Structure formats: structure tokens, C-alpha cells
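Read in my numbering, the sequence shown has 1477 at position 87, and its numbers run on one by one without any break. What follows is a single structure, written as C-alpha cells, with notes after it.
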Amino acid sequence: MKKRRLFSFLLILAMLTGMVSAAKNTRQPYAIKVNRACNTVTIYESDENGQYTKPIKAMICSTGREGCETPLGTFYLIDYRSEWRLMLDGTYGQYATCFYGNFLFHSVCYADDSHDAMVREAYNNLGNAASMGCVRLQTMDAKWIFDNCPAGTPVTIYDDPDDPGPLGKPDKVVDEITLQMYNGWDPTDPAEGNPWNLAEIQSLRLGKGVVSLTAGDTAKVIAFRSPSDAMVFWYSNNEEVAVVDQSGNITALSEGSALITAKGIHGKSASCVVSVTGELLPYDDLVPGAWYYPHVRYAVSKKLFTGTAERQFSPEVAVSRAMIVQVLYNLAGRPAVKTGTAFEDVKPDDWYSEAVAWASSEGLVYGVSQTLFAPHAILSRQEMATIIWRYAGEPNSSAYLGIYADASEIPTYAKTAFAWMTDNYLLRRTDRNIRPAQAASRAELASVLSQAMQKGLIE
1391 MKKRRLFSFL
1401 LILAMLTGMV
1411 SAAKNTRQPY
1421 AIKVNRACNT
1431 VTIYESDENG
1441 QYTKPIKAMI
1451 CSTGREGCET
1461 PLGTFYLIDY
1471 RSEWRLMLDG
1481 TYGQYATCFY
1491 GNFLFHSVCY
1501 ADDSHDAMVR
1511 EAYNNLGNAA
1521 SMGCVRLQTM
1531 DAKWIFDNCP
1541 AGTPVTIYDD
1551 PDDPGPLGKP
1561 DKVVDEITLQ
1571 MYNGWDPTDP
1581 AEGNPWNLAE
1591 IQSLRLGKGV
1601 VSLTAGDTAK
1611 VIAFRSPSDA
1621 MVFWYSNNEE
1631 VAVVDQSGNI
1641 TALSEGSALI
1651 TAKGIHGKSA
1661 SCVVSVTGEL
1671 LPYDDLVPGA
1681 WYYPHVRYAV
1691 SKKLFTGTAE
1701 RQFSPEVAVS
1711 RAMIVQVLYN
1721 LAGRPAVKTG
1731 TAFEDVKPDD
1741 WYSEAVAWAS
1751 SEGLVYGVSQ
1761 TLFAPHAILS
1771 RQEMATIIWR
1781 YAGEPNSSAY
1791 LGIYADASEI
1801 PTYAKTAFAW
1811 MTDNYLLRRT
1821 DRNIRPAQAA
1831 SRAELASVLS
1841 QAMQKGLIE
């Protein structure tokens, strides 16, 4: 224990001695000034008179948060630095350079001493007071001080909320690292293997200048840049109106306008204006921007569907036989039904009873037997296609079904129906399979009907 105390005393004494000797040596190439109020660092070099009056570089930083304030005053870098340093809060910093006691210049925080363990929030907080008293920097800036500012470099910490410094307060290389963008690395880390593409963009433009959307819909904007593999990041200035993902897909959320910007990591940017009309549908389980959204909106506007519960549409719920006859009955205008049905499992006070009577009398849907309709039985895609094809008047079609890898699974009764839907691009598929026996969802039914109506195939 005595040896440990003696070692700690000698270390502190060495640090203080280094601080004193460094303070006497003011003939250094640079001086560092930290505006604590603006969280900005400015590097100065000396003029012909030996005074540090020539600003050459500005850096965004995070100084100490409330209760952990970075000390004010003039200090001098000491010869106490390391490429990785364990911090008081258990995180690590890269390129740590001491200027007073336990106060350092260093990178933003890392969960451990590896390059892919950067704490995302620490990077995003740059420009705000967020540290435990040290001056946090982007890794490239911490490395610049580490490499270029020897012991004895003067450091002045001051407050001026009105003037960040003669070079202003620079932006971060990436404005905000979102969860979608996060890969564990500081975008500015010069270490080999950094997945961020640091190539400087020479030119950048967007494929659209103005985008008009209805709430719930989505549109893709392409960023044309040179070099073509340079990384860009997308931002919305009004995320209540529209959001954008890192592929340039814009999703409209509410009426208004938003500026969507694609920005390169070295500052080049291009923007487009998004104008949004309308409101989201009153169903909490519908995902704005989902493939089905415009189709569900159209079907709901035509009063074909209602929700399955308050504020629920249930887009992925399988369609039952009762559901499809009710939807088609709504589409037909709910004509008067003269007689009921002979099906034992359809009661006069069931919500679908008139629809079943109408559909069976029109020859659209038959019972599963002479006496049973099976209203709650799940509908397959082949049954959905056939029923809608019948409603359309059984149009002939000879479209080639061999484009589907599972075409051999289509039953004979459904082949013409699938051919008609294929001819008119009514069926959504994400691969080469049509999956005839798979259950049809409410979203799929809304999609087929809304497209068929808008193309004038049914009414």
C-alpha cells in the first residue's frame, strides 16, 4: 500500500513538474483556445511577432456538462498522452492529450479500446456540453492535436456565448449518426478498416426538386454524385411532415412541407422540397410507407373496408369467406337482397348474412356444401383471385403462367383468374412464386381491388 501511495505521489509530482516546465516553454508552433460556451476549439499559429493571432483550424467539441465543468484559465499541454485512455466514467477515448490534471483533449467515447465501439450518443452530442470535464472531439481532430501540439502548447479555456471564434463553429462531418447509419465507428477515424467512405464528393444533385405526396405514401429520390460510390446521408428538417431513410426513401406523415437534404460527409449537399397533403388513416397498425398503404387508403375511401376494431385495420390478418363477400357487396353498392340463404351456418342477424345471400345468388361464391357456407374459413390466394375474376365478369386471358416457379401448383379452376390478374399486374409478388394456396391477407385484398377499380377492370 505504501509503495502504491509513493508511486501515485511521484506520478502527480511528475505531472505537475511537466506542467510547470511546459508553462515556461511558450515557443510552440500552435496555441489552442477552447470557447466553453460555444463548444468550439480554434487552433492558432504565431505571427511575425511571435503572438498567436493567426487562426488556422476550428473544431467542434463537447466540454464539461453542468456539475463537471471544464476549468477556465490558461494551461499548457504536458507530456502525458496516449492513443487510448480509460476515462473516469469507464469509457475509452482515443488520442488523449493532457492539459491539466485529469483534463484531456480526446476523441468521443468508446465502450472499449477498439475502433468499432464508439458510443453513438457521444458523437451526436458534439457541439453541446456533455463530457465530465474533458474536451471531446471528433477522432481526426483529437489526433491532430495529439500529432501536432507538443508539450508546452498553451491552452486557453474561456466563455464567449456570442462569438464561437474567428473561424466559426464547424459542423460535424456527419450531422447525426442515426441507428440505421450506426456501424460503431467514428466517421473521421483514420484507422484502417473504417467502413465510412471518406471520399470527398465533387458534385451532388437530386433526381427531383419537388415531391408531392399524400400522407402515408412514399417516394424514392436518387442522389446523383461524383464519385458514384461516395457516401451521402439523408435528413428531413421537419420529421412531423416527412421522414427519409438512408436510401432516399421519403415517407409522408402529415400535411405540410419539409426540406429533404442529401449531404456528403465533407459538406456538399443537395435538397428537394416535399409537399404533403391529407392525413394518415385512423388505424394504428398501418405502417406509413408500407407497400399496401395507398391501396388500403383507396379501398377505405370507397367504403369497401372498415376496421377490425377501434383504430385497427389488421392488414396482415387472413381474409375469411365472410370478409370477401362483404367487401364485394359493399363494392356493388349493397343492393337489396330478396331472399336469405339456405346455409345453416349463416344466421339472419350475422353481419355478413346479406352479403352471403347476394354473393351466392350472383354465382360469385358457392357453399362448401349444400347446407354450409363456412363464413369463417380462411380464403386462399387462388380462391380470392377466382372470386374477384368472377365479379369482373370472367374475362378471358391467356397470359403465360410459366413465369411463376410454382405455376404447377395452380389448380385448373384458378388458372384463367391468375392469368387475368397477371395480364393486369394486380398481384403483388416479391419473387418468382405466386403461392396459390397461401392465405390471402386483408392488405392483399385491398391492393387487388383498388388497382382493379383504378384501372377500370371492375366497378
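C-beta: ideal position from N, C-alpha, C; glycine also. If you're wondering where the values come from, they're calculated on a predicted model, not measured in any experiment.
Going by the DSSP bridge assignment, what does residue i pair with across the sheet?
i       : result
CYS1524 : DSSP output for CYS1524 lists no bridge partner at all.
TYR1420 : GLU1435
GLY1480 : Paired residues: none, contrary to the question.
PRO1445 : TYR1434
SER1497 : LEU1527
MET1508 : TYR1500
LEU1603 : VAL1666
GLY1454 : SER1521
SER1472 : ALA1486
LYS1610 : ASN1639
PHE1465 : VAL1545
LEU1594 : ARG1615
ASN1425 : THR1430 and TYR1548
SER1710 : ILE1768
Where residue i and residue j are concerned, what is the direct C-alpha to C-alpha distance, given to the nearest angstrom?
i       : j       : result
TRP1741 : ALA1836 : 20 Å
ASP1576 : TRP1586 : 8 Å
TYR1548 : PRO1556 : 14 Å
VAL1758 : PRO1765 : 10 Å
LYS1423 : TYR1490 : 14 Å
ALA1413 : TYR1466 : Because the pLDDT at ALA1413 is just 44, under 50, the model does not fix this residue reliably, and the value given afterwards should be weighed accordingly. Spanning the two alpha carbons is a distance of roughly 6 Å.
ASP1821 : SER1798 : 16 Å
ASN1627 : VAL1525 : 29 Å
ASP1867 : ILE1824 : Because the chain is modelled from 1391 through 1849, residue 1867 falls outside the range shown and cannot be assessed.
ALA1782 : LEU1670 : 30 Å
CYS1539 : PRO1617 : 34 Å
TYR1442 : ALA1609 : 52 Å
ASP1553 : GLN1592 : 31 Å
ALA1809 : PRO1801 : 12 Å
ARG1832 : GLU1744 : 20 Å
PRO1672 : GLU1706 : 17 Å
SER1411 : THR1460 : Its pLDDT being 39, under 50, SER1411 is placed unreliably by the model, and the measurement read from it follows with that caveat. Those two C-alpha atoms are separated by around 23 Å.
TYR1682 : TYR1803 : 27 Å
ILE1612 : GLY1697 : 36 Å
ASP1796 : LEU1817 : 15 Å
ALA1747 : ALA1699 : 25 Å
ALA1642 : ALA1660 : 19 Å
TYR1434 : TYR1482 : 28 Å
LYS1559 : GLY1668 : 39 Å
GLU1738 : GLY1730 : The residue asked about is misnamed: residue 1738 is Pro in this sequence, not Glu. Whole-angstrom Cα-Cα distance: 7 Å.
PRO1580 : GLY1638 : 27 Å
GLN1760 : ALA1789 : 34 Å
Cβ of residue i within 9 Å of Cβ of residue j?
i       : j       : result
ASP1675 : GLN1570 : no
PHE1495 : ALA1532 : yes
LEU1594 : CYS1662 : no
ALA1501 : SER1452 : no
SER1647 : GLU1630 : no
ASP1550 : TYR1625 : no
LEU1721 : MET1843 : yes
VAL1850 : LYS1653 : Because residue 1850 is not part of the residues shown, which for the chain are 1391 to 1849, the question remains open.
ASP1479 : MET1522 : yes
GLU1590 : ALA1620 : yes
ILE1768 : ALA1829 : yes
ASP1503 : ASN1573 : no
My understanding is that residue i touches residue j, with C-beta atoms under 8 Å, so please give their C-beta distance in whole angstroms.
i       : j       : result
TRP1779 : ALA1807 : 4 Å
ILE1650 : VAL1666 : No, ILE1650 and VAL1666 are not in contact; Cβ-Cβ is about 11 Å, not under 8 Å.
ILE1655 : VAL1601 : In fact, because the Cβ distance is near 24 Å, the residues do not count as touching under 8 Å.
GLY1517 : ASN1429 : 5 Å
THR1464 : THR1546 : 5 Å
ILE1446 : THR1487 : ILE1446 to THR1487, Cβ: 18 Å. No contact.
Is residue i close to chain B? Criterion is C-beta to C-beta, closer than 9 Å.
i       : result
LEU1791 : The structure shown contains no chain B; it holds only a single protein chain.
Completely contained beta strand (DSSP E) runs for the stretch 1614 to 1692, where each covers 3 or more residues: 1622 to 1626, 1632 to 1634, 1639 to 1642, 1646 to 1654 and 1659 to 1667, all fully within the stretch 1614 to 1692.
In chain order, each alpha helix (DSSP H) run of at least 4 residues that lies wholly inside the stretch 1761 to 1810: Inside the stretch 1761 to 1810, DSSP marks whole alpha helix (DSSP H) runs of 4 or more residues at positions 1771 to 1781, from first to last along the chain.
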